[in-house]
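Start counting the sequence shown at 64; every next residue gets the next number (the numbering used here). Glycine residues also receive a C-beta, built at the ideal position from the N, C-alpha and C atoms. A quick note: this is a predicted structure, and the numbers were derived from the prediction, not measured. First the structure, in the form of structure tokens, and then the observations on it.
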Amino acid sequence: MLYNLDVKRILRMLIFSAIALYLTSLWNFGFVISYDLNVFFQSVLIIAFAYYLILPVSKIILLPLNILTFGMVSFGVFVLFLYIMDKHLSFIQINDWVFKGGTYFGIHLNNVVISESGNLILSALFISAIIKALEIFT
């Protein structure tokens, strides 16, 4: 019975990472991921590895810095991990992005140019938020 629980948890981690990558690539036009099944699965494995193994270990190791910066150091580790995926592994591509703006619910938003580094931080934020939301609501 314990074996099934562990496999179920690992599958949930992989599915949550896949959903987060897919949803981020849908709305963020500067976040490009290949939908080739092999490349996408490798990307999901790396994101799951980073989010569920590297981040908790970094939170423990960098605990004093995390306390002083209110957790921003661990978020920086995740951003660094996405940067490595972008520049060295080339599973994902993070580019500049121009938000076209518009009027939403009576609020007018102007065009905004988001740089590559800003888009890297934005992508990391939304991947983390989507995974966390899926963990909470399921």
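Of the residues the options, the one placed nearest residue i, counting alpha carbons only
{"i": "residue 120", "options": "78, 177 and 140", "result": "140"}
{"i": "residue 74", "options": "95, 107 and 89", "result": "107"}
{"i": "residue 153", "options": "105, 89 and 194", "result": "105"}
{"i": "residue 90", "options": "168, 201, 198 and 163", "result": "163"}
Straight-line gap, residue i to residue j (C-alpha atoms, nearest Å)
{"i": "residue 184", "j": "residue 142", "result": "6 Å"}
{"i": "residue 137", "j": "residue 161", "result": "28 Å"}
{"i": "residue 130", "j": "residue 80", "result": "26 Å"}
{"i": "residue 86", "j": "residue 128", "result": "31 Å"}
{"i": "residue 133", "j": "residue 124", "result": "15 Å"}
{"i": "residue 113", "j": "residue 182", "result": "19 Å"}
{"i": "residue 64", "j": "residue 179", "result": "Its pLDDT being 46, under 50, residue 64 is placed unreliably by the model, and the measurement read from it follows with that caveat. The alpha-carbon atoms of residue 64 and residue 179 are separated by roughly 46 Å."}
{"i": "residue 115", "j": "residue 193", "result": "14 Å"}
{"i": "residue 201", "j": "residue 78", "result": "12 Å"}
Within-8 Å CB hit, residue i to chain C
{"i": "residue 119", "result": "In the displayed structure, chain C is absent; only one protein chain is listed."}
Local Cβ density within 10 Å of residue i, reported as buried at 16 or more and exposed below that
{"i": "residue 76", "result": "buried"}
{"i": "residue 83", "result": "buried"}
{"i": "residue 196", "result": "exposed"}
According to DSSP, residues forming a beta bridge with residue i
{"i": "residue 95", "result": "156"}
{"i": "residue 172", "result": "165"}
{"i": "residue 177", "result": "160"}
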